[in-house]
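Novice: Protein sequences, first through last, are from chains A and B.
Quick note on numbering that gives the first Met the number 0: the first sequence kicks off at 0 and runs consecutively.
Quick note on numbering that gives the first Met the number 0: the second sequence kicks off at 0 and runs consecutively.
Before we start, here is the structure in question, set down as structure tokens.
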Amino acid sequence: MALITGSNPVASESDRRLAVNRHGETGEPVAKTLGTLTALKDPRQAGPFDGYDPKPYYCELLGTDRQPGKALVAVWQRLQALDVPTLLRRAADAERELFNLGITFTVYSDKDAIDRILPFDVIPRVITAAEWGVVEAGVIQRVRALNMFLWDIYHERHILKDGTVPAALVLDNRNYRPEMIGFDPPHGTYIHINGTDLVRDGKGVFHVLEDNGRSPSGVSYVVENRHMMQRAFPDLMQGLRVRPVSDYGERLLGKLIDVAPAGVAQPSVVLLSPGVYNSAYFEHIFLAREMGVPLVEGRDLVVEHDHVFMRTVAGLAPVDVIYRRINDDFLDPEAFNPDSKLGVAGLMRASKAGHVTLANAVGTGVADDKAVYAYVPRIIEYYLNEKPILPNVETYICGEPEGLAFTLKNVETLVVKPVGESGGYGIVVGPKATRAELDAVRAEITANPANFISQPMVALSVCPTLTPNGVVPRHVDLRPYAVTGKDTWVLPGGLTRVALKEGSIIVNSSQGGGTKDTWVLEDGTIEECGT
Amino acid sequence: MTLLARNAEQLFWQARYIERAASLARIIEIHSSHGRASADDLGWAWLVALYSNERWFAEKYTERTSRNVIQFYVADVDNPASIRFCIKAARENARALRAIIPMDMWTQLNSFHNRLLALGPEDFDVVALARTCGVIKVGCYAQLGVAESTLYRDEGERFFKLGLLIERADQTSRLLDVKFAQLASGRDSGGTIADTTFWALILRSAAAYQAFRRHEPRGADPGKVARFLLANASQPRSFAYCLDNIQTVLEGLRRQYGLRQARGSLELVDTLINGLGTAADDRDLVVRLHDVNDWLQQRLIELTAELSQAFFGLEPKQTEPATPAQTQSQTQTQTQTLS
Chain A
0 MALITGSNPV
10 ASESDRRLAV
20 NRHGETGEPV
30 AKTLGTLTAL
40 KDPRQAGPFD
50 GYDPKPYYCE
60 LLGTDRQPGK
70 ALVAVWQRLQ
80 ALDVPTLLRR
90 AADAERELFN
100 LGITFTVYSD
110 KDAIDRILPF
120 DVIPRVITAA
130 EWGVVEAGVI
140 QRVRALNMFL
150 WDIYHERHIL
160 KDGTVPAALV
170 LDNRNYRPEM
180 IGFDPPHGTY
190 IHINGTDLVR
200 DGKGVFHVLE
210 DNGRSPSGVS
220 YVVENRHMMQ
230 RAFPDLMQGL
240 RVRPVSDYGE
250 RLLGKLIDVA
260 PAGVAQPSVV
270 LLSPGVYNSA
280 YFEHIFLARE
290 MGVPLVEGRD
300 LVVEHDHVFM
310 RTVAGLAPVD
320 VIYRRINDDF
330 LDPEAFNPDS
340 KLGVAGLMRA
350 SKAGHVTLAN
360 AVGTGVADDK
370 AVYAYVPRII
380 EYYLNEKPIL
390 PNVETYICGE
400 PEGLAFTLKN
410 VETLVVKPVG
420 ESGGYGIVVG
430 PKATRAELDA
440 VRAEITANPA
450 NFISQPMVAL
460 SVCPTLTPNG
470 VVPRHVDLRP
480 YAVTGKDTWV
490 LPGGLTRVAL
500 KEGSIIVNSS
510 QGGGTKDTWV
520 LEDGTIEECG
530 T
Chain B
0 MTLLARNAEQ
10 LFWQARYIER
20 AASLARIIEI
30 HSSHGRASAD
40 DLGWAWLVAL
50 YSNERWFAEK
60 YTERTSRNVI
70 QFYVADVDNP
80 ASIRFCIKAA
90 RENARALRAI
100 IPMDMWTQLN
110 SFHNRLLALG
120 PEDFDVVALA
130 RTCGVIKVGC
140 YAQLGVAEST
150 LYRDEGERFF
160 KLGLLIERAD
170 QTSRLLDVKF
180 AQLASGRDSG
190 GTIADTTFWA
200 LILRSAAAYQ
210 AFRRHEPRGA
220 DPGKVARFLL
230 ANASQPRSFA
240 YCLDNIQTVL
250 EGLRRQYGLR
260 QARGSLELVD
270 TLINGLGTAA
280 DDRDLVVRLH
290 DVNDWLQQRL
300 IELTAELSQA
310 FFGLEPKQTE
320 PATPAQTQSQ
330 TQTQTQTLS
């Protein structure tokens, strides 16, 4: 009997392919010089982009001149080398995997709990190093200004006293929390976790559409989408220097430890969730897991002598920092909604006594309000004496006479938004609304002007998106996540949401939106992979 | 590392539900491959007596036909005694533990659960039943195997193990009561209590047939089988083996993790070990088997109540309801009212 040593002499086709791949010799040919799209593509082969036409919008991959920029050409070529059936097959595999991994949100009906995946589009949205530099600086600037604004309105109120921001807008706002007056959060940070919704106009300029400074969700999909892409499309990413996102949990934990009450040597951090029935429960699991901290519910916590404890198998254990994913209203039945079963009685007392840090702080909702949003460029200049790096979308405040008159006159060309809502609800898109819808919204605005703002239609950028009929342009936005303790760190990229319905500009998952992996390239990416 | 009382409870029940589903699946698999039941007769009626589910069963069905009993114990997802319910409940617990347990444990259980959701009536038909239960059993084994090879050995794992062992001890004791249940429900599978074919079936249902054959090559009698499944220290599904390991785990919690509340549970385990020893030495064990099983099962219920009180944040004076499945929902309600 011969001893079996070495390898099978007849290497299979896949073995050979693996071996070649390891030496980086296969894969698609990469053009050394840039030419037109026609020159870049293999004329013998049909590619998924052959019929793709983003006109008249700005395309995230092809820009305005319908040709990938220098930094993106490698990505375009790789995509072009795949065919639509292959893309669709791999997309179906990826979705099945998301389902079995339980990367799902749960829809509850009377009898059943149905797990759904957030629709995931496999064509990534790619951002160059230069573009990202602007976004990152702009987000940091904005978060800094909003935190300073919050400190001011809960302390001296300079910005209100000198009329830069109307006092009534802030003090009468239902998200302004008088309980927070005079309270000093560690490092002056109110908004620890922030999501800034950005859109790109027809020229490719990023604008801020909305701030989310209460409890922004979605970051788990950023990280899980990346894992999924790495599994389903390793060939697409190979050799490209895409900035990693998997350290979000560690970064977040670091920032939360930054803001622990003074004098606590080894702060105990927990994530407070409303529980398994919350539709974002997967994200709560994800965050607790990635930070390595307990995922608690209100019933696991108790407040004694203004200190917070969790119930463990060994008795009560102290809690110093709470990343809470419960809204202000439900956080503490003693301070806010007395009917809340989700919160913890006494949490506000413990927080105000400085014995526990809540992230985000209570009362940040006034800073991400749609009406206050219009003033953010002025807020930035007021506190930082800098020009805003990321402009707002032009906004008309119906609570002001000029804004109201303009909105009523031009409602058919504007996007009208109620100020209190989130999740894309109540938005009326003028150019796409019926006459009856326009009449109705005019009447609503007239009845309660302060409840509305309006904005011109932004020609949202598009990104190539896979459908059963091939690759087509679909509108996208971008939500970068910033975490702040002593200072701010921004996760490279963020959540790209895509409106999967043709022509739709509403990207919210509750209304037919999906997500994409978002790649921020490092400098020098093209040279790296071109050799 | 901090372990929330709620998470300890969830680990405990996750393991219990998996072990329970595996035991049930194995019993049904073995009895349907060796048994003689048809859909219309009452060949499975004894299962209802075995698990003391007479009341729940009567709420849903009038007759204990095989079809109804199998539907009740395998397919009915809203019946807390069914396999499907157990897997669903195990998954619900695991879902809340996802930040703690290894990803592979969750993924296996979630995929398994999804596969079970896809089963249709044809899979529960007499013809397919053994195969379906075999698949379920292997799915449960896989979950316990992933846990064994990946779950971090801290307090949490000890509670997982406690759940597993208590449920296994309970199931083994119930298995030894099958003959009694069959006689009680008036549907004996045939033969007398001394029938060796019957006892071979019991051994197979405990996955202990091969070990018993090697241990007792000269043949089976009821006393030998009962002693083997109750008192053999090397048989991993024997009552004694489970008790021994429960004791070790509790000692570990007390010594290694300084959880002095384990004392009450340890005392109960001592009582059980003594009682079991006395029973095993009893020459008339077979005659008293039902009473012995009843006593053992009662003490296990007390042990669960003691653990709930000492570790899971349950109020004292909480008495054990009819089934452990109910205990859990009551526990959860109880904890909610505390906050």
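Cβ atoms here follow ideal geometry from the backbone N, Cα and C, with glycine treated the same way.
All values reported here derive from a predicted model rather than from experimental measurement.
1. Please confirm if D319/A has its CB atom under 8 angstroms from at least one CB of chain B.
2. Is there a Cβ from chain B that is less than 8 angstroms from the Cβ of A261/A?
3. Tell me which same chain residues have a C-beta within less than 6 angstroms of the C-beta of I379/A, skipping the five on either side of it?
4. Measuring alpha carbon to alpha carbon, tell me which residue in R88/A, P491/A, N174/A, S219/A is nearest A279/A.
5. Which chain B residues are close to N310/A, counting only those with a beta carbon under 7 angstroms from its beta carbon?
6. Who does V209/A pair with in a DSSP beta bridge?
7. Buried or exposed, going by whether 16 or more other CB atoms sit within 10 Å of the CB of K416/A?
8. Starting from D257/A and walking both ways along the alpha helix (DSSP H), at which residues does that stretch end?
9. Please list the residues of the region 95-113 of chain B that have a C-beta atom closer than 7 angstroms to any C-beta atom in chain A, keeping them in chain order.
10. Return the Cβ separation of L118/B and T106/B in integer angstroms, given the expectation that the two are a contact with Cβ distance under 8 angstroms.
11. The beta strand (DSSP E) that contains I113/A, what's its start and end?
12. CB-CB under 6 angstroms to G429/A, same chain, minus the five flanking residues each way: which ones, in chain order?
13. Return the chain-ordered list of same chain residues with a C-beta closer than 8 angstroms to the C-beta of C241/B, the five sequence neighbours on each side being excluded.
14. Looking at chain B, is there any beta carbon in it that lies within less than 8 angstroms of the beta carbon of V218/A?
15. Would A90/A and V125/A qualify as a contact pair, given that the criterion is a beta-carbon distance under 8 angstroms?
16. By Cβ distance below 6 angstroms, which residues in the same chain neighbour M228/A in space, the five residues on each side in sequence not counted?
17. Cutting at 8 angstroms between CB atoms, please list the residues of its own chain near G425/A, excluding the five before and the five after it.
18. Does the region 48-65 of chain B touch the region 171-182 of chain B, meaning 3 or more C-beta pairs lie closer than 8 angstroms?
19. Who are A352/A's beta bridge partners in DSSP?
20. I want to verify the contact list: residues of chain B whose CB lies under 7 angstroms from the CB of G248/A, in sequence order.
21. At the level of alpha carbons, what is the spacing between G364/A and G493/A?
22. Where does P177/A sit, in a helix, a strand or coil, going by DSSP?
23. Give me whichever residues DSSP pairs with G3/B in a beta bridge.
24. Tell me the rounded alpha-carbon separation between N92/B and E296/A.
25. Look up H306/A in the DSSP assignment and give the residues it is bridged to.
26. Apart from the five residues on each side of it in sequence, which residues of its chain come closer than 7 angstroms, Cβ to Cβ, to L61/A?
27. With H, G and I counted as helix, E and B as strand and the rest as coil, what does DSSP make of F56/B?
28. Counting C-beta neighbours from all protein chains within 10 Å, is the total for I27/B 16 or more, i.e. buried, or is it exposed?
29. Using a Cβ-Cβ distance under 8 angstroms, would R19/B count as near chain A?
30. Verify whether the separation of the beta carbon atoms of M290/A and L252/A is less than 8 angstroms.
31. Would DSSP call C528/A helix, strand or coil?
32. Where does H283/A fall in DSSP's three states?
33. Around the Cβ of K316/B, are there at least 16 other Cβ atoms within 10 angstroms (buried) or fewer (exposed)?
34. Run through chain A and tell me which residues come within less than 9 angstroms of A279/B, C-beta to C-beta.
35. For H22/A and G238/A, what's the separation of their Cα atoms in angstroms?
36. To be precise: take each residue of the region 140-167 of chain B, compare its Cβ to all Cβ atoms of chain A, and keep it if any distance is under 8 angstroms. Which residues remain?
Specialist: The relevant details are as follows:
1. Taking the first residue of the first sequence as 1, we reach residue 319/A at position 320. Output row for D319/A: interface = no.
2. The sequence position of residue 261/A within the first sequence is 262, counting from 1. Output row for A261/A: interface = no.
3. Walking along the first sequence from the start, residue 379/A turns up at place 380. For I379/A, where only same-chain residues beyond five positions count, the Cβ hits under 6 angstroms are A144, P387.
4. Position 280 of the first sequence, counting from 1, holds the residue named residue 279/A. Nearest option by C-alpha distance: S219/A.
5. Your numbering for residue 310/A matches position 311 in the first sequence. Residue 310/A is actually Arg in this sequence, not Asn. The contacting residues are L3, A4, G312.
6. Residue 209/A sits at position 210 when you count from the first residue of the first sequence. The residue asked about is misnamed: residue 209/A is Glu in this sequence, not Val. The partner list for E209/A (beta bridge, DSSP) reads D196/A.
7. Your numbering for residue 416/A matches position 417 in the first sequence. Its Cβ being crowded by 16 or more others within 10 Å, K416/A is buried.
8. Taking the first sequence and counting its residues from 1, the one referred to as residue 257/A is at position 258. 247-257 is the extent of the alpha helix (DSSP H) around D257/A.
9. A95, R97, A98, W105, T106, N109, S110, N113
10. Numbered from its first residue, the second sequence carries residue 118/B at position 119. Numbered from its first residue, the second sequence carries residue 106/B at position 107. About 20 angstroms; that fails the 8 angstroms criterion.
11. The sequence position of residue 113/A within the first sequence is 114, counting from 1. It spans 112-116 - the beta strand (DSSP E) in which I113/A sits, taken as one unbroken run.
12. On the first sequence, residue 429/A is found 430 positions in, with the first residue counted as 1. V410, E411, T412, L413, listed in sequence order.
13. By 1-based counting over the second sequence, the position of residue 241/B is 242. Excluding positions up to five away in sequence, the list reads L164, I165, R167, A168, T171.
14. Numbered from 1 along the first sequence, position 219 holds the residue referred to as residue 218/A. V218/A does not count as touching chain B.
15. Your numbering for residue 90/A matches position 91 in the first sequence. Your numbering for residue 125/A matches position 126 in the first sequence. Not a contact, by the Cβ cut-off of 8 angstroms.
16. As a working mapping, residue 228/A is identified with position 229 in the first sequence. D516, listed in sequence order.
17. As a first step, residue 425/A is located in the first sequence; it is residue number 426 there, counting from the start. Excluding positions up to five away in sequence, the list reads K416, P417.
18. yes
19. In the first sequence, the residue the question calls residue 352/A occupies position 353. Looking at the DSSP assignment, A352/A forms no beta bridge with any residue, so it has no partner.
20. Translated into the one-based positions of the first sequence, residue 248/A becomes position 249. What G248/A touches in chain B: nothing, since even the nearest Cβ is about 10 angstroms away.
21. Numbered from its first residue, the first sequence carries residue 364/A at position 365. Numbered from its first residue, the first sequence carries residue 493/A at position 494. Whole-angstrom Cα-Cα distance: 21 angstroms.
22. Here residue 177/A refers to the residue found at position 178 when the first sequence is read from its first residue. Helix, per DSSP.
23. Mapped onto the second sequence, residue 3/B falls at position 4. According to the sequence shown, residue 3/B is Leu rather than Gly. Paired residues: T311/A.
24. The sequence position of residue 92/B within the second sequence is 93, counting from 1. The sequence position of residue 296/A within the first sequence is 297, counting from 1. Distance between the alpha carbons of N92/B and E296/A is about 14 angstroms.
25. As a position in the first sequence, residue 306/A is number 307, starting the count at 1. H306/A pairs with E303/A.
26. Counted from its first residue, the first sequence places residue 61/A at position 62. So the list reads P53, P67, once near-sequence residues are dropped.
27. As a first step, residue 56/B is located in the second sequence; it is residue number 57 there, counting from the start. F56/B: helix per DSSP, three-state reduction.
28. Locating residue 27/B in the second sequence gives position 28, where the first residue counts as 1. Result: buried.
29. Locating residue 19/B in the second sequence gives position 20, counting from the first residue. Not one chain A Cβ lies under 8 angstroms of R19/B.
30. As a first step, residue 290/A must be located in the first sequence, where it is residue number 291. As a first step, residue 252/A must be located in the first sequence, where it is residue number 253. Yes, they are a contact pair.
31. Here residue 528/A refers to the residue found at position 529 of the first sequence. Per-residue confidence for C528/A stands at a pLDDT of 43, beneath the threshold of 50, marking its modelled position as unreliable; the derived number appears in the next sentence. C528/A: helix per DSSP, three-state reduction.
32. Along the first sequence, read from residue 1 onward, the residue named residue 283/A stands at position 284. Three-state DSSP puts H283/A in a helix.
33. The residue you call residue 316/B lines up with position 317 of the second sequence. Note that K316/B scores 48 on pLDDT, short of 50, meaning its location in the model is unreliable; the coordinates nonetheless yield the value given after this. Classification of K316/B: exposed, given that the 10 Å Cβ count is below 16.
34. Counting from 1 along the second sequence, the entry for residue 279/B is found at position 280. Here the premise fails: no neighbours, minimum Cβ distance about 33 angstroms.
35. By one-based count along the first sequence, residue 22/A stands at place 23. By one-based count along the first sequence, residue 238/A stands at place 239. Annotation note: pLDDT 34 at H22/A (below 50); position unreliable, coordinate value reported separately. Their Cα atoms are separated by approximately 11 angstroms.
36. E154, F158
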